[in-house]
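K.L.:
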């Protein structure tokens, strides 16, 4: 394979519209930190005060449309007494941004706001000391408004810009600078409009998919349509380059990683489509129909996650015992715009622009793929369509980097729809078995949960196809059976949680998808609790109230029920023979922190099996909510996405390959099926912020299942609740 | 052979092959940021533009078929609206764009090119659509973030604003 840079014709017509700014165009072959401190202890890493009395806040979290870049500025502005119009953040870049870890697990506010708050408070303290000297007044007589420091009872004042004006603080963040009391907040806790929205509606916003680099080629990957079993990477037996004769494109290859590059994008698309490759693909998957059965029969690595009391004794003595199986599918991140990246890889350095949610993690992976030292690789973040977890961002980024290394030119790589759907790191399938018991008074006395799933793969398809990473590398991490989301909100004296780790080889690539596994956990768990309420002849809300003492769980539970106007009655008490029946359900759940509760109202057409979710109410207690408007939007999005995942979304595969490769094969909820949504925030000004991007989905998923029971008297043991699955269950 | 089209009110001559899907001409040759690739199959709506005032999927539309026609993208929507409404000057934003800001309707926003184009087409045909009419008209446009409820509100808000303005 040639690595000639002269493949690009000079002055080609494909270089169009740069919007990424000067840094990119003036790209230096040697990435350097540009003199900026990235030491998290140094105040200058986090903040710069400019002569015009504005500030730049360096934020290590990605804007994903969740409003993090707005909310973290609110936190900084609060402590500094600056207005939103006086602050800006800059694009994430390994040469510029502090490493706050990836933008995962609702981390931006949860983990990010204490760091930003601490740095801003330190800056304020330092600025006030400077002002005190300048104005000849003690610090306790100074006040700040919009970055103007004034002396009480005097007319003297000075601006932050005058005091520091683009010079460095040269201070450590001590963590000892006083922070404001929540009761004095003026910016935090308000619904400041998001700063990214105006450009997004006008077309001025540059998404990753519109970014360009001088001299770049367009690339596409050529892979089998749909991934096959993890551990048995498909082998390219032959590549017939004559099949794209007549298209101005070139084939590049490293191991079984095959791609095409072309000056014109449409040529790359056509070449990828037309190129004849003979693949050897082993039939090593269970197929969708046998998936859960096979997972259940595997030899698993078992771990006792939690145990309290003695469940077996308690079950034997209980008045009511119920078991509930829950089967959850593989679901796709299915980023709405397929992932895209641009890489310019040279002999001794690389610059990469990517939709990654973790620029530092991506850089570490590229080190291995490109065989370049970490400090020679610069990764910049550019927002694309939301992935809601670890989708194909890193795979696409690695593919761009490999193509660039092979061609010696900058390459813009975009996945096609079938690449994105077919080669995703899916949210893993799950099998759960919940058992719960209540005494004659309706007190939960025992709770047991067994969960089966495999680990996250953690290795991208590109790296495995090239052979840079062994094909049978199994990831070591995954969300396990979660005590936070499984029964712990109830006061059960006897508890047992067991994780059964299924070997990942022979299954699909897995990774975290928004609220990982939680929808599956609560689908089984909260149906079991609901069934106990039913067996105890109690209303589902009141039964939960009686079994929960934690005021924060009770807070969200009651908030959701009250918003929905919940009138107590026993579930399934209105089941009828009508063709269309209505039901309502309630449930609680979370992800890693925060508290979620939801109420679902649904209709079931018993003739067609179609479920229509008419209204979802979702309540979150995430401690101090920095921007309620953003969190309401997050709750609304979670509710609609949960409706989609519970009714529609399921990756299908035969024994060879994934077969759901586009929006027809993997349908998501549409406008005409979208529920009305009511987001509810339980604001706790004095509690730590704990994240609100994924904490009501578990509750909403189970509320939908419980509403189905209320409408029909039937418990579903598998989702999504497709018409075929519903009809089968109703006939059982 | 070059193809001529009327793009956002201006005559443009483009040199892409006539069988190239319009989307690649708009994004690569003309450097527009409104239309964007979503599926390449006409299933999702992220590449939508108006051709002679009708919403089409530019990923499925060969360049040759729009020769001599009027193509309006997200970037040209305020001027297109002004022309339709016979306003002397184009507003900075089409009312649906303003309504989406007012409702803070976006999350990642990637699908909103298509949402805005389709909603503008709907409002031009039906100035005060009912909620069922909105849902039906918009149903060919998908959103991964689940913003449908706020888009419905925004379309109703835009319709009200346009009615007041007359």
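Residue numbers (the numbering used here), protein chains in the order written: chain G, 233 to 964; chain D, 1202 to 1367.
Even for Gly, the Cβ is constructed at its ideal location relative to N, Cα and C.
1) Is residue 726 of chain G closer than 8 Å to residue 678 of chain G when the C-beta atoms are compared?
2) What are the residues that DSSP puts in a beta bridge with residue 679 of chain G?
3) Taking Cβ-Cβ distances below 8 Å as the criterion, which residues of the stretch 1232-1246 of chain D are in contact with chain G?
4) Going by alpha carbons, who is nearest to residue 464 of chain G out of G:444, G:722, G:516 and G:397?
5) Ignore the nearest five residues each way along the sequence and tell me which others in residue 364 of chain G's own chain have a CB closer than 7 Å to its CB.
6) Note down, in chain order, each residue of its chain lying with its Cβ closer than 6 Å to the Cβ of residue 573 of chain G, except the 5 sequence neighbours on either side.
7) Looking at the strands, I want to know which residues DSSP matches up with residue 1222 of chain D.
8) Counting only beta-carbon atoms, is residue 957 of chain G nearer than 8 Å to chain D?
9) Given a cut-off of 8 Å on the beta-carbon distance, is the pair residue 576 of chain G and residue 642 of chain G in contact?
10) Note down, in chain order, all residues in the stretch 1268-1280 of chain D with a beta-carbon under 8 Å from any beta-carbon belonging to chain G.
11) Are the C-beta of residue 1364 of chain D and some C-beta of chain G separated by less than 8 Å?
12) Apart from the five residues just before and just after residue 359 of chain G, which ones in its own chain have a Cβ nearer than 6 Å to its Cβ?
13) How about residue 694 of chain G and residue 489 of chain G: do their beta carbons lie closer than 8 Å?
14) Touch check for the stretch 1304-1314 of chain D and the stretch 1237-1245 of chain D: three-plus C-beta pairs under 8 Å?
15) Could you tell me which residues DSSP pairs with residue 827 of chain G in its beta bridges?
16) Check whether the Cβ of residue 1298 of chain D lies closer than 8 Å to any Cβ atom in chain G.
17) So the candidates are G:511, G:674, G:784 and G:739; which of them puts its Cα closest to the Cα of residue 769 of chain G?
18) Would you check if there are 3 or more beta carbon pairs closer than 8 Å linking the stretch 399-413 of chain G to the stretch 1243-1254 of chain D?
19) I'd like to know if the stretch 450-461 of chain G and the stretch 337-348 of chain G are in contact, where contact means that at least 3 CB-CB pairs between them fall below 8 Å.
20) Tell me which residues share the same chain as residue 740 of chain G and place their Cβ nearer than 6 Å to its Cβ, disregarding the 5 neighbours each side in the sequence.
21) Would residue 230 of chain G pass as an interface residue toward chain D - the criterion being a Cβ-Cβ separation below 8 Å?
22) From the beta carbon of residue 334 of chain G, is the nearest beta carbon of chain D less than 8 Å away?
23) Under 8 Å between beta-carbons, which chain D residues line up against residue 831 of chain G? List them in chain order, please.
24) Three-state secondary structure (DSSP) at residue 379 of chain G?
25) How many Å lie between residue 534 of chain G and residue 743 of chain G at the Cα?
26) Leaving aside the five residues before and after residue 264 of chain G along the sequence, list all residues of the same chain whose C-beta is less than 6 Å from its C-beta, in chain order.
27) Using CA atoms only, rank isn't needed, just tell me which of D:1339, D:1328 and D:1347 is closest to residue 1360 of chain D.
28) Spell out whether any CB of chain D is found under 8 Å from the CB atom of residue 520 of chain G.
29) Taking its Cβ as the centre, do 16 or more other Cβ atoms sit within 10 Å of residue 261 of chain G, making it buried, or is it exposed?
30) Could you check whether the stretch 947-958 of chain G touches the stretch 867-881 of chain G, counting it as contact only if at least three pairs of C-beta atoms, one from each stretch, sit closer than 8 Å?
31) By the criterion of Cβ-Cβ separation under 9 Å, what are the contact partners of residue 1350 of chain D in chain G?
32) Tell me, to the nearest whole angstrom, how far the beta carbon of residue 433 of chain G is from that of residue 1298 of chain D; I am working on the premise that it is less than 8 Å.
33) Less than 8 Å between CB atoms is the rule here; does residue 1282 of chain D satisfy it with respect to chain G?
34) I'd like to know if residue 852 of chain G contacts chain D, where contact means its C-beta is closer than 8 Å to some C-beta of that chain.
35) With 16 other CB atoms within 10 Å as the buried threshold, where does residue 1319 of chain D fall?
36) Would you check if the stretch 732-739 of chain G and the stretch 770-782 of chain G touch, i.e. whether three or more CB-CB distances between them fall below 8 Å?
P.N.:
The relevant details are as follows:
1) Position 446 of the first chain, counted from the first residue, corresponds to residue 678 of chain G. Position 494 of the first chain, counted from the first residue, corresponds to residue 726 of chain G. Yes, the pair counts as a contact, with Cβ atoms nearer than the cut-off.
2) Within the first chain, numbered from 1, the residue matching residue 679 of chain G stands at position 447. DSSP lists G:668 and G:727 as partners of residue 679 of chain G.
3) 1232, 1233, 1234, 1235, 1237, 1238, 1239, 1240, 1241, 1242, 1244 and 1245
4) On the first chain, residue 464 of chain G is found 232 positions in, with the first residue counted as 1. It is G:516 whose Cα lies nearest to the Cα of residue 464 of chain G.
5) In the first chain, the residue the question calls residue 364 of chain G occupies position 132. Excluding positions up to five away in sequence, the list reads 370, 371 and 374.
6) Here residue 573 of chain G refers to the residue found at position 341 of the first chain. Only 586, 628, 629, 632 and 645 meet the Cβ criterion.
7) Counting from one through the second chain, the residue named residue 1222 of chain D turns up at place 21. For residue 1222 of chain D, which the question treats as bridged, DSSP gives the partners D:1263.
8) Within the first chain, numbered from 1, the residue matching residue 957 of chain G stands at position 725. With its beta carbon at least 8 Å from every one in chain D, residue 957 of chain G lies outside the interface.
9) Numbered from its first residue, the first chain carries residue 576 of chain G at position 344. Numbered from its first residue, the first chain carries residue 642 of chain G at position 410. In contact: residue 576 of chain G and residue 642 of chain G (Cβ atoms closer than 8 Å).
10) Taking a C-beta cut-off of 8 Å against chain G, the contacting residues of the stretch 1268-1280 of chain D are 1274, 1275 and 1276, listed in chain order.
11) The residue labelled residue 1364 of chain D in the question sits at position 163 within the second chain. So no, residue 1364 of chain D is outside the interface.
12) Start at 1 with the first residue of the first chain, and residue 359 of chain G comes out as number 127. The residues are 392 and 395.
13) On the first chain, position 462 is the one that residue 694 of chain G refers to. On the first chain, position 257 is the one that residue 489 of chain G refers to. Yes, the Cβ-Cβ distance between residue 694 of chain G and residue 489 of chain G is below 8 Å.
14) yes
15) Stepping through the first chain from its first residue, residue 827 of chain G is reached at position 595. Partner(s): G:853.
16) For the purposes of this step, residue 1298 of chain D is taken as the residue at position 97 of the second chain. Yes, contact with chain G.
17) Numbered from 1 along the first chain, position 537 holds the residue referred to as residue 769 of chain G. Closest option to residue 769 of chain G, Cα to Cα, is G:674.
18) no
19) Segments in contact, no.
20) The sequence position of residue 740 of chain G within the first chain is 508, counting from 1. Counting only Cβ-Cβ distances below 6 Å, and skipping sequence neighbours, we find 562 and 658.
21) No information on residue 230 of chain G is available, as it lies outside the stretch 233 to 964 that chain G covers here.
22) Locating residue 334 of chain G in the first chain gives position 102, where the first residue counts as 1. No, residue 334 of chain G lies away from the interface with chain D (no Cβ there is under 8 Å from its Cβ).
23) Here residue 831 of chain G refers to the residue found at position 599 of the first chain. Going along chain D, no residue has its Cβ under 8 Å from residue 831 of chain G, so there is no contact; the nearest lies around 16 Å.
24) To locate residue 379 of chain G, count along the first chain from 1; it is residue 147. DSSP places residue 379 of chain G in coil when its eight states are reduced to three.
25) Position 302 of the first chain holds residue 534 of chain G. Position 511 of the first chain holds residue 743 of chain G. One C-alpha to the other measures close to 20 Å.
26) Taking the first residue of the first chain as position 1, residue 264 of chain G is located at position 32. Model confidence at residue 264 of chain G stands at a pLDDT of 37, short of 50, so the residue's coordinates are unreliable; what they give is reported in the following sentence. Cβ neighbours of residue 264 of chain G within its own chain (closer than 6 Å, five residues either side excluded): none.
27) For the purposes of this step, residue 1360 of chain D is identified with residue 159 of the second chain, where counting begins at 1. Nearest in C-alpha terms to residue 1360 of chain D, of all of D:1339, D:1328 and D:1347, is D:1328.
28) Locating residue 520 of chain G in the first chain gives position 288, where the first residue counts as 1. It does not; no Cβ of chain D falls within 8 Å.
29) Stepping through the first chain from its first residue, residue 261 of chain G is reached at position 29. The pLDDT assigned to residue 261 of chain G is 31, lower than 50, so where the model puts this residue is not dependable; a value taken from the coordinates is nonetheless given after this. So residue 261 of chain G counts as exposed.
30) yes
31) As a working note, residue 1350 of chain D is residue 149 in the second chain. Residues of chain G whose Cβ lies closer than 9 Å to the Cβ of residue 1350 of chain D are, in chain order, 868, 871, 872, 906, 907, 908 and 909.
32) Taking the first residue of the first chain as position 1, residue 433 of chain G is located at position 201. Taking the first residue of the second chain as position 1, residue 1298 of chain D is located at position 97. With a contact defined as Cβ atoms closer than 8 Å, residue 433 of chain G and residue 1298 of chain D qualify at about 4 Å.
33) Sequence index remark: in the second chain, residue 1282 of chain D carries index 81 (1-based). Residue 1282 of chain D does not count as touching chain G.
34) Translated into the one-based positions of the first chain, residue 852 of chain G becomes position 620. Not one chain D Cβ lies under 8 Å of residue 852 of chain G.
35) Start at 1 with the first residue of the second chain, and residue 1319 of chain D comes out as number 118. So residue 1319 of chain D counts as buried.
36) no
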